[in-house]
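Residue numbering for the sequence shown follows this note's numbering, starting at 5 and increasing by one per position.
Backbone N, C-alpha and C fix where the C-beta goes; we use that ideal spot for every residue, glycine too.
Just below is one structure, and these are the notes that go with it.
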Amino acid sequence: MCSVNLNGVDVDWVREQLQRFVEQTRPVNQSTNMVITARTAPACGRPTAIELVETARPILTRLYPEWRSENPTSSNDEFKSERDAARRLLARLATHADVASRLGSLDNSPRVLASNMHSLIWTAAQAQWATGHRHEAVLAAAKAVNSSLQSKLGRRDASEQDLIRQAFSSDAPSPGRPRLRFSSIADAQTRESMRQGVMNFGAGCFGAIRNPLGHLPNDEVDLPEQIAVEQLAALSLLARWIDDADVVTS
């Protein structure tokens, strides 16, 4: 059984919404005296079911990220995947405390929430992540960081790795080649350490995260969720450091 991260969650409201969704979208067979069919329709009617599912899906995505891959769709039951996922999540919520206590000490380690990362990262990644395309989500986030760097420097003439190396180069700025500096850091040694560190870290992010994802065909990329989250976190940190740096021109 997967753990459920309930930090900041109104569990009673979640249960109420999921139970309502499950009950009201109960499938009703559409056979008649004249026609026998396997097709069903939600008991509440499709218009109401569409409204209900718009609340259920964000809940599932927040508390049960794998719900799409673990609950198959049905051509005869439009809302089967969401309803099965809601039932699973309700069961997890009902037994969460008991199971956790019987399995031993709780894992109190920090949780990294993508929605709390730099807004640039999650804004770029959210749509692809929601559909289970984790590698596309990370790639979109990496491209967003590069676009932000290009905009800050006013340059579109260098690749990601080359641009960030030039941005944080120790060379003085020249016409058309501004630099990024951590001017707010008073200590010269710390300021230089940050410049070198962010330059190398940024080049590493583009070289080890963005480039492999961009060069491989989609069917050859299988990015586990934990690795994807860690890569998003790395890009988020890079985006924050770029934000913190000042543009220095000649």
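Can you give the beta carbon distance from residue i to residue j, rounded, assuming they're within the 8 Å contact cut?
i	j	result
Ala129	Ala145	5 Å
Leu143	Leu217	4 Å
Cys209	Ala249	The pair is not a contact, with the Cβ atoms about 15 Å apart (cut-off 8 Å).
Asn75	Ala89	4 Å
Given a threshold of 16 other Cβ atoms within 10 Å of its Cβ, counted over all protein chains shown, does residue i qualify as buried or as exposed?
i	result
Gly206	buried
Pro289	This structure leaves residue 289 out entirely; the chain is present only between 5 and 254.
Met38	exposed
Leu157	buried
Gln235	buried
Pro46	buried
Pro69	buried
Ala212	exposed
Ile246	buried
In the DSSP assignment, what residue or residues form a beta bridge with residue i?
i	result
Ala45	Val32
Ser178	Arg181
Excluding the five sequence neighbours on either side, which residues of its own chain have a C-beta within less than 8 Å of the C-beta of residue i, listed in chain order?
i	result
Gln154	Arg160, Leu167
Gly136	Arg72, Ser73
Using a Cβ-Cβ cut-off of 6 Å (strictly less than) and excluding sequence neighbours within five positions of residue i, which residues of its own chain qualify?
i	result
Glu86	Val57, Ala60
Ser254	Pro177, Ser178, Pro179
Val18	Ile63
His122	Ser240, Ala243, Arg244
Under the three-state reduction of DSSP, which class applies to residue i: helix, strand or coil?
i	result
Leu184	strand
Val251	strand
Asp81	strand
Ala190	coil
Ser173	coil
Ala238	helix
Under 7 Å Cβ to Cβ from residue i, same chain only, skipping five residues before and after it: list those, please.
i	result
Trp126	Ala118, Ser119
Under a CB-based cut-off of 8 Å, is residue i close to chain C?
i	result
Asp88	You won't find chain C in this structure, because it holds only one protein chain.
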